[in-house]
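Asks: Numbering (my numbering), first residue to last: 6 to 264. Where a beta carbon is used, it is the ideal one built from N, C-alpha and C, also for glycine. Owing to the predicted nature of the structure, the values given are computational and were not obtained by experimental measurement. Would you mind keeping the following structure in view while I ask a few things?
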């Protein structure tokens, strides 16, 4: 397993060894610090994997562990990293916290010479957060978890995730313009504004396809199953991804029913 890779002056990434159809090359565990600072902030420890977490802990001392959301591929290693480092785990969902402090929109986390401003970006999950990383005027960045990925599209994990919320979150991230995207999976992206707009365009196209599928099936959104729609709309997608596609289709059908 390789050492952390420096991405910006303030952010390095340690890739977790959990590649797969949903995780791409693996989970990106972000290690944040200002130059010359001995300590760091860790965002998304990733899976509970001894060697991976040992490498992350070795980048410390770790001052804080933050979660973009509670899915296991981002959070399962948090308790073990806490045990290794003593750093508290902060998250929006109390079920994933270790320590008394949570995280919410507008909070600012300051440690290891960096500041992170917390944005609520629900949609992929109800507890999804993004973190605007300040202190590097040349490479301002935002950590997006699974709200924007480095490659491909994300799943709206219905019923916890909701498409209307997700579209609003993308519109908020679009306002960040040229900020570098530091995603939960896949490579970094050069501009949050362009990435968010591409995601919005993709979602609009998928909604059009789902509406067309409903017309082809001759039934309204409340009278079809997600699998009926997936067979039509996702016919060109690897079938290994169809279960995840069904989650997004559930969210799309709910969104269309509510309009």
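Taking the C-alpha atoms as reference points, what is the distance between residue 212 and residue 117?
Replies: The residue given as residue 212 occupies position 207 in the chain shown. The residue given as residue 117 occupies position 112 in the chain shown. Whole-angstrom Cα-Cα distance: 43 Å.
Asks: Could you give the DSSP three-state label for residue 198: helix, strand or coil?
Replies: Counting from one through the chain shown, the residue named residue 198 turns up at place 193. If DSSP states are grouped into helix, strand and coil, residue 198 belongs with the helices.
Asks: What residue ranges within the stretch 42-108 form continuous beta strand (DSSP E) runs of no fewer than 3 residues, ordered along the chain?
Replies: 45-48 and 67-71
Asks: On the DSSP bridge list, what partners appear for residue 214?
Replies: Position 209 of the chain shown holds residue 214. According to DSSP, residue 214 bridges with nothing at all.
Asks: In or out: residue 60 buried (at least 16 other Cβ within 10 Å) or exposed?
Replies: Position 55 of the chain shown, counting from 1, holds the residue named residue 60. So residue 60 ends up on the buried side.
Asks: When you compare each of 140, 180 and 190 to residue 156 by their alpha carbons, which one comes out closest?
Replies: Position 151 of the chain shown, counted from the start, is the residue given in the question as residue 156. Considering only alpha carbons, the answer is 190.
Asks: Might you give, ordered along the chain, the residues of its own chain that have their beta carbon closer than 8 Å to the beta carbon of residue 251, omitting 5 neighbours on each side?
Replies: Residue mapping note: residue 251 aligns to position 246 of the chain shown, counting from 1. Cβ neighbours of residue 251 beyond the five flanking positions: 231, 232 and 235.
Asks: For my contact list, residue 129 and residue 14 are in at a C-beta cut-off of 8 Å; report their separation, rounded to the angstrom.
Replies: Stepping through the chain shown from its first residue, residue 129 is reached at position 124. Stepping through the chain shown from its first residue, residue 14 is reached at position 9. Between residue 14 and residue 129 the Cβ distance is about 28 Å, and since that is not below 8 Å, they are no contact.
Asks: Using 8 Å as the cut-off, can you tell me whether the stretch 39-50 makes contact with the stretch 162-174, which would need three or more C-beta pairs spanning the two stretches below that distance?
Replies: no
Asks: Within a Cβ cutoff of 7 Å, which residues of the same chain sit near residue 265, ignoring the five residues on either side of it in sequence?
Replies: The structure shown has nothing for residue 265, since the chain only spans 6 to 264.
Asks: To the nearest angstrom, how far is the alpha carbon of residue 72 from that of residue 223?
Replies: The residue given as residue 72 occupies position 67 in the chain shown. The residue given as residue 223 occupies position 218 in the chain shown. Roughly 43 Å between the two C-alpha positions.
Asks: For my contact list, residue 126 and residue 159 are in at a C-beta cut-off of 8 Å; report their separation, rounded to the angstrom.
Replies: Indexing the chain shown from 1 puts residue 126 at position 121. Indexing the chain shown from 1 puts residue 159 at position 154. That belief does not hold up - the Cβ atoms of residue 126 and residue 159 are roughly 11 Å apart, past 8 Å.
Asks: Which value, in whole angstroms, describes the spacing of the CA atoms of residue 238 and residue 83?
Replies: Against the chain shown, residue 238 aligns to sequence position 233. Against the chain shown, residue 83 aligns to sequence position 78. Here the alpha carbons of residue 83 and residue 238 stand approximately 37 Å from one another.
Asks: Enumerate in chain order the residues of its own chain whose CB-to-CB distance from residue 226 is below 7 Å, with the five nearest sequence positions on each side excluded.
Replies: Residue 226 sits at position 221 when you count from the first residue of the chain shown. So the list reads 219, 258, 261 and 262, once near-sequence residues are dropped.
Asks: Quick one: what does DSSP say residue 117 is sitting in, helix, strand or coil?
Replies: Within the chain shown, the letter at position 112 stands for residue 117. Secondary structure of residue 117 (DSSP, three-state): coil.
Asks: Considering only their Cβ atoms, is the gap separating residue 74 from residue 132 smaller than 9 Å?
Replies: As a working note, residue 132 is residue 127 in the chain shown. As a working note, residue 74 is residue 69 in the chain shown. Cβ distance < 9 Å, so residue 132 and residue 74 count as in contact.
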